[in-house]
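Beneath this line is the structure, given in structure tokens, with notes to follow.
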Amino acid sequence: MGVAPLLSREQFALQQVFHRDAIDTLNQLTIGTELEGHSLDVVIRKTSFDATRAAIHTAAAEHFNYCFWYKSLRPWGVSVPSVLREELQLQYSRNGMLDGVEEVQRLMLLSAQNQLSRCGWVYLVWTGRMFDVLEFSHGTCPIGSGLVPLLALNVHTSSFAHDYAPLDPNGDDGLEIYVHNFFKTCNWGLAHRYFTEANVKE
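One gets our numbering by counting positions in the sequence shown from 1 and adding 780 to each.
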């Protein structure tokens, strides 16, 4: 199973291998400890900023990231709900000069390109006051920072190298085309749901 037009069956299967590694590591490190049996959210929060449990936190954060990335994807995407589009337009349109959704896409591409190591994640989040596009290195995630994740983009080289290998070895690594196709598969319904839930709680 792939995610058209973003990921082929082979590329998606490769990501599941990396995800499974994170899950297996997390299980091995938490069995028989006070963290065993707790939800992923609790494990991430309890191990944040604790150097003695950094390996647990890394595995838990990566497990969360992969899960949220999967939820952010739908074959050929889900259109942006009107309410969410209006909210993005209010923040990003610069008095009507820009399309809010396109500006989010531009910012996420820039953030992905900024990850020169190609080993991390880019999220669209809700801070409680505004939208933001943030980079997270491998082993970190929005949970525990008071942020509400809305969309996740995997920027690890392994997430796109198979499908987007450059024709020119000295040219672009395929990231830009990969991100472009990510927005063709975005599950904007997910972003709308979490944004709405966050604002109801507030």
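Glycine included, every Cβ here is placed at the ideal spot set by N, Cα and C.
Since this is a predicted model, take the numbers as computed values, not measurements.
Would DSSP call residue i helix, strand or coil?
{"i": "Gly900", "result": "strand"}
{"i": "Leu931", "result": "strand"}
{"i": "Cys991", "result": "In the structure as shown, the chain starts at 781 and stops at 982, and residue 991 therefore has no counterpart that could be examined."}
{"i": "Phe829", "result": "coil"}
{"i": "Asp804", "result": "helix"}
{"i": "Phe940", "result": "coil"}
{"i": "Leu809", "result": "helix"}
{"i": "Trp1036", "result": "The chain is shown only over 781 to 982; residue 1036 falls outside these bounds and no answer can be derived."}
{"i": "Asp952", "result": "coil"}
Under 9 angstroms between the Cβ atoms of residue i and residue j?
{"i": "Trp901", "j": "Trp849", "result": "yes"}
{"i": "Leu914", "j": "Pro922", "result": "yes"}
{"i": "Phe911", "j": "Val884", "result": "yes"}
Below 8 angstroms on the Cβ atoms is my guess for residue i versus residue j; work out the distance and round it to an integer in Å.
{"i": "Leu786", "j": "Leu868", "result": "Not a contact, Cβ separation roughly 21 angstroms."}
Exposed or buried, what is residue i when buried is set at 16 or more other beta-carbons lying within 10 Å of its beta-carbon?
{"i": "Met888", "result": "buried"}
{"i": "Gly876", "result": "exposed"}
{"i": "Gln791", "result": "buried"}
{"i": "Ser819", "result": "exposed"}
{"i": "His843", "result": "buried"}
{"i": "His936", "result": "buried"}
{"i": "Phe962", "result": "buried"}
Pairs of beta-carbons, one from the segment 806-823 and one from the segment 882-897, closer than 8 angstroms: are there three or more?
Touching, no, given that fewer than three Cβ pairs across the two stretches are closer than 8 angstroms.
Between the segment 858-873 and the segment 963-976, are three or more C-beta pairs nearer than 8 angstroms?
Result yes; three or more Cβ-Cβ pairs closer than 8 angstroms.
Contact between the segment 822-834 and the segment 939-947 is defined here as three or more beta-carbon pairs at a separation below 8 angstroms; is this criterion met?
no
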